[in-house]
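These notes are about the structure you will find just below.
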Amino acid sequence: MKTFCGRANPSTGALDRVEESEEYDYHQEIARSCYADMLHDHDRNKKYYQGIRAAVARVKARGERVIVLDIGSGTGLLSMMAVTAGADFCYAVEVFKPTAEAAQCIVEKNGFSEKIKIINRHSTDVTVGPDGDMQMKANILITELFDTELIGEGALPSYEHAHQNLVQFPVAGSKHGPKLLLSNTIPLKSAKTELFRQRVKRFIFILQQKEACEAVPHRATVYAQLVESELLWSWVQMQPVEVEGAHLVPPPAMGHCAGAHSVCDIQLSQVSPRNFTPLGPLCTMFSVDFSKPVSSAFQSHTSQFVARSSGRAQVVLSWWDLDMDPSGSVVCTMAPSWTYPQPKTAPWRDHWMQSLYFLPTESRVTEGEELSLTVCHDDYSLWYGLQSPSQQDSQAEAPPTRPCCTCQAHLVWTRPRFGELNDRRRTESYVSALRSVMREDSVCLGVSDGSLLPVFAHMIGAKKVYGLENSRMSKQVIKQVLEANSMEGGVELLEIQPEQLTSDDLGGEQISVLMGEPYFSTSLLPWHSLFFWYCRTALAGLLRPNATILPCSATLHMVAVEFQDLWRIRAPCGTCEGFNVSPMDEMVQRSLDFRESREAEPHPLWEYPCRALTRSTAVMTFDFTQCIPQQPISSQGSLPFIRNGRCHGVALWMEYHLTADITVTAGLIGPISEQGECEWSRHRKQGVYFLRSPCESSDDGRAAVSYSFTFEPGLGDIKMDFSVEEQ
Numbered sequence: 174m175k176t177f178c179g180r181a182n183p184s185t186g187a188l189d190r191v192e193e194s195e196e197y198d199y200h201q202e203i204a205r206s207c208y209a210d211m212l213h214d215h216d217r218n219k220k221y222y223q224g225i226r227a228a229v230a231r232v233k234a235r236g237e238r239v240i241v242l243d244i245g246s247g248t249g250l251l252s253m254m255a256v257t258a259g260a261d262f263c264y265a266v267e268v269f270k271p272t273a274e275a276a277q278c279i280v281e282k283n284g285f286s287e288k289i290k291i292i293n294r295h296s297t298d299v300t301v302g303p304d305g306d307m308q309m310k311a312n313i314l315i316t317e318l319f320d321t322e323l324i325g326e327g328a329l330p331s332y333e334h335a336h337q338n339l340v341q342f343p344v345a346g347s348k349h350g351p352k353l354l355l356s357n358t359i360p361l362k363s364a365k366t367e368l369f370r371q372r373v374k375r376f377i378f379i380l381q382q383k384e385a386c387e388a389v390p391h392r393a394t395v396y397a398q399l400v401e402s403e404l405l406w407s408w409v410q411m412q413p414v415e416v417e418g419a420h421l422v423p424p425p426a427m428g429h430c431a432g433a434h435s436v437c438d439i440q441l442s443q444v445s446p447r448n449f450t451p452l453g454p455l456c457t458m459f460s461v462d463f464s465k466p467v468s469s470a471f472q473s474h475t476s477q478f479v480a481r482s483s484g485r486a487q488v489v490l491s492w493w494d495l496d497m498d499p500s501g502s503v504v505c506t507m508a509p510s511w512t513y514p515q516p517k518t519a520p521w522r523d524h525w526m527q528s529l530y531f532l533p534t535e536s537r538v539t540e541g542e543e544l545s546l547t548v549c550h551d552d553y554s555l556w557y558g559l560q561s562p563s564q565q566d567s568q569a570e571a572p573p574t575r576p577c578c579t580c581q582a583h584l585v586w587t588r589p590r591f592g593e594l595n596d597r598r599r600t601e602s603y604v605s606a607l608r609s610v611m612r613e614d615s616v617c618l619g620v621s622d623g624s625l626l627p628v629f630a631h632m633i634g635a636k637k638v639y640g641l642e643n644s645r646m647s648k649q650v651i652k653q654v655l656e657a658n659s660m661e662g663g664v665e666l667l668e669i670q671p672e673q674l675t676s677d678d679l680g681g682e683q684i685s686v687l688m689g690e691p692y693f694s695t696s697l698l699p700w701h702s703l704f705f706w707y708c709r710t711a712l713a714g715l716l717r718p719n720a721t722i723l724p725c726s727a728t729l730h731m732v733a734v735e736f737q738d739l740w741r742i743r744a745p746c747g748t749c750e751g752f753n754v755s756p757m758d759e760m761v762q763r764s765l766d767f768r769e770s771r772e773a774e775p776h777p778l779w780e781y782p783c784r785a786l787t788r789s790t791a792v793m794t795f796d797f798t799q800c801i802p803q804q805p806i807s808s809q810g811s812l813p814f815i816r817n818g819r820c821h822g823v824a825l826w827m828e829y830h831l832t833a834d835i836t837v838t839a840g841l842i843g844p845i846s847e848q849g850e851c852e853w854s855r856h857r858k859q860g861v862y863f864l865r866s867p868c869e870s871s872d873d874g875r876a877a878v879s880y881s882f883t884f885e886p887g888l889g890d891i892k893m894d895f896s897v898e899e900q
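For the sequence shown, the numbering used here assigns the number 174 to the initial residue and increments by one for each residue that follows.
Here it is, written out as structure tokens:
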């Protein structure tokens, strides 16, 4: 069954009426789920298995039946591990219906259907009793409810509910509770025989040793380290910019703003230790014991330490460990690779990464100074604050308040966007290009979201500058920048769509310089920035005959690559730790075949190392000096392999030619090395087209990647196809 959906087109800017299958969103959710990443995480799987075997053994040693509750069961992998380890029965709870259905197939395929029950509900809706989802409460709780921030998927409320309703409680709250209870009901003095006395003592011993439940994982511990980092800090604070000998400074409100309250999850292994200076030791911030009742209420925890070096306290690096057993002998750590003696031995995972937390304001610390780092959390998120002893006294040790953006910039500019605006080399390219085309009588119009180009044009000396902004909030942010630099009136900001702009809006003037970065907040894939071309076409009637378009053109580039690890998110698993999980592979492939396998997807490739197996090349050119053509633009060709490796797919990006000799890239930022290593821009996501079946490449030139691209002007989309062929 088909239905018409209203979808905003990021390339054309139009609200399209698209005929979609009613299953489109369902398949898209599955196709982009990256389940394979978790199944390929051997370190995670192995350590869960060790923890499960140990927990089952402890319960069996007490002479009890082993009843397992697996919350967030996914494919049912952990439940199958539990039954294999000796569990008598397992209740596997999975809220996402397609995954629950796949888990049912997997359980049946592996012969566990009599001992594992799949429950397609949220765990907080699960009932216990003769007519309930569970016939009895569990005495082993297994969960995989964690995200990069540990608690961001609602782990704490789920644990809290499970302990209250779904798992067994201790007989009494204190160590002596069971003994007192028995002495009031069966006095030991009334025992007729020594045998009875011994049996009662044994029963008391068992009750005294029993915890609320066995939990796998048993414990989570959160770590944090205070650092100074010009690179990381540039992702949340606008830095001063020098233009034509003058300094463009950020608004005071921006410098005092605590920023947006959202975790920055990142592959911290790809941030070199050269990019930050540790100001203190790695601190243990807090632990959560999952075998005991868990609270989702607000909490704060403080770690005190002595500063190891002087600097500016700006950023907190954070990650967590899972202790799979009470002894702490089986640990699954999220620590970045550079903490390992041999970094190449660190496990890779994308479903759990590391986190960055930005302090509300930077502050000076001195080597030897006593500091207190405080972390707060509610039921879903964490935030950090830093205090010195004097501050603690003056503020009565009040915990830091939750960050909240008050300047609006952190709501308009993403962290990569902050980094892009603070990139000095990139700014110099735009300023040089503007300087080369600017005249005393220039009337400039900027078309980009939250862009500083109109401000630069005014500083360079344009006669009049206008800026189109897509939202009132974005307009307000640029207005703050102008006011902070005493440039009120220097740029007229218009909150209007390009096709609605008239000559009256421009004071009767015609545009001599149309400029864009181009950057648009709605863009997901690199070519979505072609929206600039659609804007240029809509504004054609307002341009002078000899108007300058900056950038004058753009090119789409490609290179075939071998990924170090990213391939795992799309690779079928087949058998995982001895269990057949092929129904999950088949479900994901069906959803990919629905549409996604014929499309690229956005990834920040600086976080995901890869090797180029072909040379990079421009495969399409878009001439912004002309209006968008009526007919499609097509390009075909092939790129021979020049290196040995395993080709997983193709990387795609845009380069913008500001003038004939000034280019800004949103992809490769340097030449490919002899070995094929690539260095990617941190500011934009690149497109990745995964081949359905990876192929082996060689450097003999006998095989090549054939490509076909078609730009459809009416759709604003680029259709693409790739194949590997023998030459």
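Idealized CB from N, CA, C, for every residue including glycine.
(Q) Is the beta carbon of Leu318 closer than 8 angstroms to that of Gly327? (A) yes
Q | Range covered by the beta strand (DSSP E) that runs through Ser473 | A | 472-479
Q: Provide the residue span of the alpha helix (DSSP H) that contains Lys282, from first to last.
A: 270-282
Q) What is the DSSP secondary structure of Ser871, counted as helix, strand or coil? A) Ser871 sits in coil when the DSSP states are folded into three classes, being neither helix nor strand.
Q | Burial state of Gly259 (16 or more Cβ within 10 Å) | A | exposed
**Q.** Rounded straight-line distance, which links the Cα of Trp492 to that of Thr539
**A.** Distance between the alpha carbons of Thr539 and Trp492: 25 angstroms.
(Q) Does Asn293 come out as helix, strand or coil in the three-state DSSP assignment? (A) coil
Q. Do you know whose CA, among Glu267, Met611, Met646, lies nearest Met632's CA?
A. Nearest of Glu267, Met611, Met646 to Met632, Cα basis: Met611.
Q.
To the nearest angstrom, how far is the alpha carbon of Gly634 from that of Lys652?
A. 18 angstroms
(Q) Looking at the secondary structure, which residues open and close the beta strand (DSSP E) in which Ala187 lies? (A) Where Ala187 is concerned, there is no enclosing beta strand (DSSP E), given that its DSSP letter is neither H nor E.
Q) Does the region 295-304 come close enough to the region 773-786 that 3 or more CB-CB pairs lie under 8 angstroms? A) Judged by Cβ distances under 8 angstroms, the region 773-786 makes no contact with the region 295-304, as fewer than three pairs qualify.
Q | Every unbroken beta strand (DSSP E) inside the region 755-824 [3 residues or more] | A | 774-776, 783-785, 790-796, 806-813
Q: Would you tell me roughly how many angstroms separate the C-alpha atoms of Trp521 and Glu642, rounded to the nearest one?
A: Going from the Cα of Trp521 to the Cα of Glu642 covers about 41 angstroms.
Q. Can you find a heavy atom of the ligand FAD that lies under 7 angstroms from the Cβ of Arg709?
A. No copy of the ligand FAD appears in this structure; indeed no ligand is present at all.
Q) Got a sec, what are the start and stop residues for the alpha helix (DSSP H) Trp706 sits in? A) Unbroken alpha helix (DSSP H) run through Trp706: 704-711.
Q. Hey, does Met688 have any beta-carbon neighbour from chain D nearer than 8 angstroms?
A. In summary, chain D is missing from the structure at hand, where a single protein chain is found.
(Q) Suppose the cutoff is 6 angstroms on Cβ atoms and the five residues either side in sequence are ignored; what does the same chain contact list for Pro745 look like? (A) Asp758
Q | Ordered list of alpha helix (DSSP H) runs contained in the region 309-339, each at least 4 residues | A | 328-338
**Q.** For Asp678, three-class secondary structure by DSSP
**A.** In the three-state reduction of the DSSP assignment, Asp678 falls in the helix class.
Q) Would the beta-carbon of Ser602 fall within 8 angstroms of that of Leu831? A) Taking 8 angstroms as the Cβ cut-off, Ser602 and Leu831 qualify as a contacting pair.
Q. Among residues of its own chain, excluding the 5 on either side of Phe797, which ones have a beta-carbon nearer than 8 angstroms to its beta-carbon?
A. Phe705, Trp706, Arg709, Ile722, Pro724, Cys725, Ser726, Ala727
Q: Look at the alpha carbon of Val878 and the alpha carbon of Pro867, and state the distance between them as a whole number of angstroms.
A: Rounded to whole angstroms, Val878 and Pro867 show a C-alpha spacing of 12 angstroms.
**Q.** Pairwise C-alpha distance: Gln398 and Pro699
**A.** 35 angstroms
Q | Beta carbon of Val664 nearer than 8 angstroms to that of Ala720 | A | no
Q) Where do the ends of the alpha helix (DSSP H) carrying His631 lie? A) Judged by DSSP secondary structure, His631 falls within the alpha helix (DSSP H) whose first and last residues are 626-633.
Q) Is Ala345 helix, strand or coil by DSSP? A) Note that Ala345 scores 41 on pLDDT, short of 50, meaning its location in the model is unreliable; the coordinates nonetheless yield the value given after this. In the structure shown, Ala345 sits in coil (DSSP, three-state: anything other than H, G, I, E or B).
Q.
Once DSSP output is grouped into helix, strand and coil, what is the label at Ala265?
A. strand
Q.
Please report the distance separating the alpha-carbon of Cys437 from that of Arg294.
A. 30 angstroms
Q. Counting along the chain, where does the alpha helix (DSSP H) carrying Met497 start and finish?
A. Per DSSP, Met497 belongs to no alpha helix (DSSP H) and is neither H nor E.
Q: Leaving aside the five residues before and after Ile292 along the sequence, list all residues of the same chain whose C-beta is less than 7 angstroms from its C-beta, in chain order.
A: Tyr264, Ala265, Val266, Val299, Asp306
Q) Is it right to say Asn448 is buried, meaning 16 or more other beta carbons lie within 10 angstroms of its own, or is it exposed? A) Answer is exposed; the Cβ neighbour count stays below 16.
Q) For Glu593, which three-state DSSP category applies? A) Helix, per DSSP.
Q) Taking all protein chains shown into account, do 16 or more other C-beta atoms lie within 10 angstroms of the C-beta of Trp740, making it buried, or fewer, making it exposed? A) Under this definition Trp740 is a buried residue.
Q | Reduced DSSP secondary structure (H/G/I, E/B, other) of Lys637 | A | strand
Q. What number of angstroms, rounded off, separates the C-alpha of Val256 from the C-alpha of Ala230?
A. 12 angstroms
Q: Kindly indicate the opening and closing residues of the alpha helix (DSSP H) around Val256.
A: Residues 250-257.
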